[in-house]
Amino acid sequence: MKSLVLAKLKAAAVHGLITALVAALSAVLVFYYWYPSGLAAHMGGSNLYLLVVAVELSLGPLISLVIFNPGKSFRHLRRDYCIVALIQFSALAYGLHSTFVSRPVYQVFVIDQLLMISAIELDEEDVSEASSDFDHLPWRVKRVCVEQPADPEEKSDLIFSALAGKDVEFFPKYYRECEEGEVLAGAYPGERLYEALRARGLEGEFAPQLPPPASFSWLPVKGRFGYWVQIYPGGSLESGYYLDFNPFS
């Protein structure tokens, strides 16, 4: 009896280790490729993935405790574990797919803010109307700027579309590469963010995460689930990072 329990525990440990390894590899894809720089916390697309991984990490070893028996033939065990692996990989694939279709694809700079657009927010028809640079969705988030339409009729259509909730950032045909310095030219000085923090009594909480007021600029970022801020230390886009603060609350 004792040897059977030890064998089951060993099988459960191996199962848990393999499951954890697969989960870690998929987490690299999710949190460092699709949702870099902590975007998962702001975009919300990784919630189902995290739930699936949590269930797999807990149930995987428990399943081994139930089905593993050294008295079973190799053929029998192989069949059992193939079924379990199929179920686990199917669940993980579903979680990854839901995360993938909700991933941020464009960070659109419009006037004085960044609009984070996820793949699920763009219509296929609108994407197909874009130039060759933007007629397909990137795997990683890409920063772009917009070119407002010059045609009066098209401009009027866009205004009515915006009133209905679908503004220029949802039309890839208006996207273009940003010019050098264009984004930073629209950014706010650091002192203005400190003023907003002081007005809400939050300077002590967020100041340790910020450079001195004169050494950075920032922009508000709007996503599907609210606002946050992107900080640019030393006026550098490449070193930008996110701060979980809503400047408009």
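Heads up, our numbering is the position in the sequence shown plus 875, with the first residue counted as 1. Glycine included, each C-beta is placed from N, C-alpha and C at the ideal position.
Of the residues the options, the one placed nearest residue i, counting alpha carbons only
i	options	result
F1009	R1051, F984 and K1030	R1051
F984	A960, V1021 and L884	V1021
Q1125	V927, G1115 and L1085	Lying outside 876 to 1124, the shown extent of the chain, residue 1125 is not represented and no answer is given.
W1103	R978, V880, A915 and A960	A915
V1016	S965, I995 and P911	P911
L1085	G1109, S1031, L881 and L896	G1109
A1074	G970, F1123 and H1011	F1123
L967	L881, R1099 and S901	S901
S1111	V1096, G1098, P1013 and V1058	V1058
S878	P945, G913 and Y907	P945
C1053	D1032, A1025 and V1019	V1019
K883	P1024, D1119 and I942	I942
G913	R978, D998, A895 and E1029	R978
Beta-carbon spacing of residue i, residue j below 7 Å
i	j	result
A1005	K1048	yes
L989	L892	no
E931	I992	no
E1078	L1072	yes
Y1107	F1081	no
D1001	F1035	no
G1098	Q1105	no
V980	A994	yes
Y1117	P1088	no
L1033	P1027	no
Residues sharing a beta bridge with residue i, DSSP
i	result
P1108	F1091
P1122	Answer is none; P1122 lacks a bridge partner.
S993	P979
Y1117	Q1105
V985	Q988
Below-7 Å beta-carbon distance, residue i vs any chain C residue
i	result
P1087	This model lacks chain C altogether, as it is built from one protein chain only.
The ligand SAH heavy atom lying under 6 Å from the CB of residue i
i	result
V928	Absent from the structure shown: the ligand SAH. Ligands present: none.
For a minimum of 4 consecutive residues, which ranges assigned as the alpha helix (DSSP H) are wholly contained in the segment 1063-1104? If we require 4 residues or more, the alpha helix (DSSP H) runs fully inside the segment 1063-1104 come out as 1065-1074 and 1078-1081.
Unbroken beta strand (DSSP E) runs of length 3 or more, entirely within the segment 1010-1061: which are they? Qualifying beta strand (DSSP E) stretches, in chain order: 1017-1021.
Can you confirm whether the segment 887-896 touches the segment 931-938 when touching is taken to mean that 3 or more C-beta pairs between the two stretches lie within less than 8 Å? Note that the segment 931-938 touches the segment 887-896; at least 3 beta-carbon pairs, one per stretch, sit closer than 8 Å.
Would you call the segment 962-976 and the segment 910-927 touching, i.e. three or more CB-CB distances under 8 Å? Three or more beta-carbon pairs drawn from the segment 962-976 and the segment 910-927 are found closer than 8 Å, and the two stretches are therefore classed as touching.
Segment contact flag, the segment 1056-1068 with the segment 952-962, C-beta cutoff 8 Å, min 3 pairs: Short answer: they don't touch.
What beta strand (DSSP E) runs, 3 residues minimum, are completely inside the segment 919-986? List check, beta strand (DSSP E) in window: 979-985.
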